[in-house]
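In what follows, a single structure is set out as structure tokens and then discussed.
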Amino acid sequence: MRDEEEELPSPEELIPLSQSLITPHLALAFDLRSTHHRNIGNSGHPLPQTTPPQANSSAGDEPARTLKRPRLVWTPQLHKRFVDAVAHIGIKNAVPKTIMQLMSVEGLTRENVASHLQKYRLYLKRMQSGGGERGGNVGESDHLFASSPVPAHFLHPTGRQSSDHFIPSFVPMAATLPHPQFLHGRISAVKMDQSLFLARQSQHQPVLIRPSSLHLQSRVANYAEDLESGAKRVLTLFPTRQD
DNA sequence: ACCTAAATAT
DNA sequence: TATATTTAGG
Numbered sequence: 001m002r003d004e005e006e007e008l009p010s011p012e013e014l015i016p017l018s019q020s021l022i023t024p025h026l027a028l029a030f031d032l033r034s035t036h037h038r039n040i041g042n043s044g045h046p047l048p049q050t051t052p053p054q055a056n057s058s059a060g061d062e063p064a065r066t067l068k069r070p071r072l073v074w075t076p077q078l079h080k081r082f083v084d085a086v087a088h089i090g091i092k093n094a095v096p097k098t099i100m101q102l103m104s105v106e107g108l109t110r111e112n113v114a115s116h117l118q119k120y121r122l123y124l125k126r127m128q129s130g131g132g133e134r135g136g137n138v139g140e141s142d143h144l145f146a147s148s149p150v151p152a153h154f155l156h157p158t159g160r161q162s163s164d165h166f167i168p169s170f171v172p173m174a175a176t177l178p179h180p181q182f183l184h185g186r187i188s189a190v191k192m193d194q195s196l197f198l199a200r201q202s203q204h205q206p207v208l209i210r211p212s213s214l215h216l217q218s219r220v221a222n223y224a225e226d227l228e229s230g231a232k233r234v235l236t237l238f239p240t241r242q243d
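Quick note on numbering: the first sequence equals residues 1 to 243 in full-length UniProt numbering.
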């Protein structure tokens, strides 16, 4: 337990590096890699694009935004990502827009999340009153919600905690990931305690990188999760029958 | 502009 | 039944 720490740089020297290392290339790399990683919904069609509002309000057709997108199916995987996002920012601060951003699932709308959040809150309420062993108002229709464990702090009004923004202790690199390498071969995802870091090979010693933005952080987390779960096909919005 | 709960629609 | 949309209010 102790020998590992000696090989790793100290937090003090690593974390300041993050700002200069992370921002431009990594964000880009994520966007490149993630194109085949999401957006493969129903039988391979791309999702209907939500085009930014055109200044063009008359002119015959403006179907871009009026286009009906397929009804979202909340798979257990998708719901789990929802729960993770909510847990990450704390249930107190969880609002649709933020949750949506943290989930970083292409095609997912704020309305999708708002609707789901509304239902989820009702589910939490009806769990409060059920307490432990028996009784419980959780019905047969709650399979989806029951598929992901509810973090303990969701239930009790105790304080506002946003799950993690602490400096984790260091553990062996890449030991927890089956595919430590992604992006362009030089960057690895490293899970340490509850936080995810990027690691990059510099000279001999690995350099740990703390993702700067919350958004990027969540993308790292989501990607690593996808790898961990051994899914070849990762989290789609509109699953086909093989789901 | 965004959030929320409730009602209603598909 | 599950999700979306609307409504009314903050």
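Virtual Cβ for every residue (Gly too), placed ideally from N, Cα, C.
Just so you know, these numbers come straight off a predicted model, no measurement behind them.
*Close beta carbons around S129, own chain, < 6 angstroms, minus the five adjacent residues each side*: Within the same chain, S129 has close Cβ partners N137.
*Consult DSSP for E4 and reduce its assignment to one of helix, strand or coil.*
Confidence at E4 is low in this model, with a pLDDT of 26, below 50, so the placement of that residue should be treated as unreliable; the coordinate-derived value is given next. Three-state DSSP puts E4 in a helix.
*asked:* Give me the residue from P76, L108, H156 with the minimum Cα distance to L124.
replied: Sorting P76, L108, H156 by C-alpha distance to the C-alpha of L124 places H156 at the top.
*Would you report the Cα separation of F145 and Q118, rounded to the nearest angstrom?*
The alpha-carbon of F145 is positioned some 12 angstroms away from that of Q118.
_N137 (DSSP reduced to helix, strand or coil)_ = Annotated three-state conformation of N137 is coil, per DSSP.
*asked:* Within 10 Å of its beta-carbon, does N93 have 16 or more other beta-carbons around it, so buried, or fewer, so exposed?
replied: Exposed, since its Cβ has fewer than 16 Cβ neighbours within 10 Å.
*Going by beta carbon distance, what residues of the same chain come within less than 7 angstroms of H116, once the five residues before and after it are set aside?*
For H116, the CB contacts under 7 angstroms within the same chain, skipping 5 residues up- and downstream, are W74, F82 in chain order.
*Just mark S218 as buried or exposed, buried being the case when its beta carbon has 16 or more other beta carbons within 10 Å.*
Flag for S218 reads buried.
_Bounding residues of the alpha helix (DSSP H) (the contiguous stretch that carries V105)_ = Run containing V105: none; DSSP gives neither H nor E here.
*asked:* With distance defined between alpha-carbon atoms, name the residue in H153, S147, A85 nearest to H215.
replied: The option with the nearest alpha carbon to H215 is A85.
*If you compare alpha carbons, which of N112, R126, Q101, V95 is closest to P70?*
Comparing C-alpha distances from P70 to each of N112, R126, Q101, V95 shows the shortest one belongs to N112.
*Between Q77, L122, I99, S104, which lies nearest to G139 when the distance is taken from Cα to Cα?*
Closest in C-alpha terms to G139, from the list Q77, L122, I99, S104, comes L122.
*Could you have a look at A94 and say whether DSSP puts it in helix, strand or coil?*
Of the three classes helix, strand and coil, the one that applies to A94 here is coil, per DSSP.
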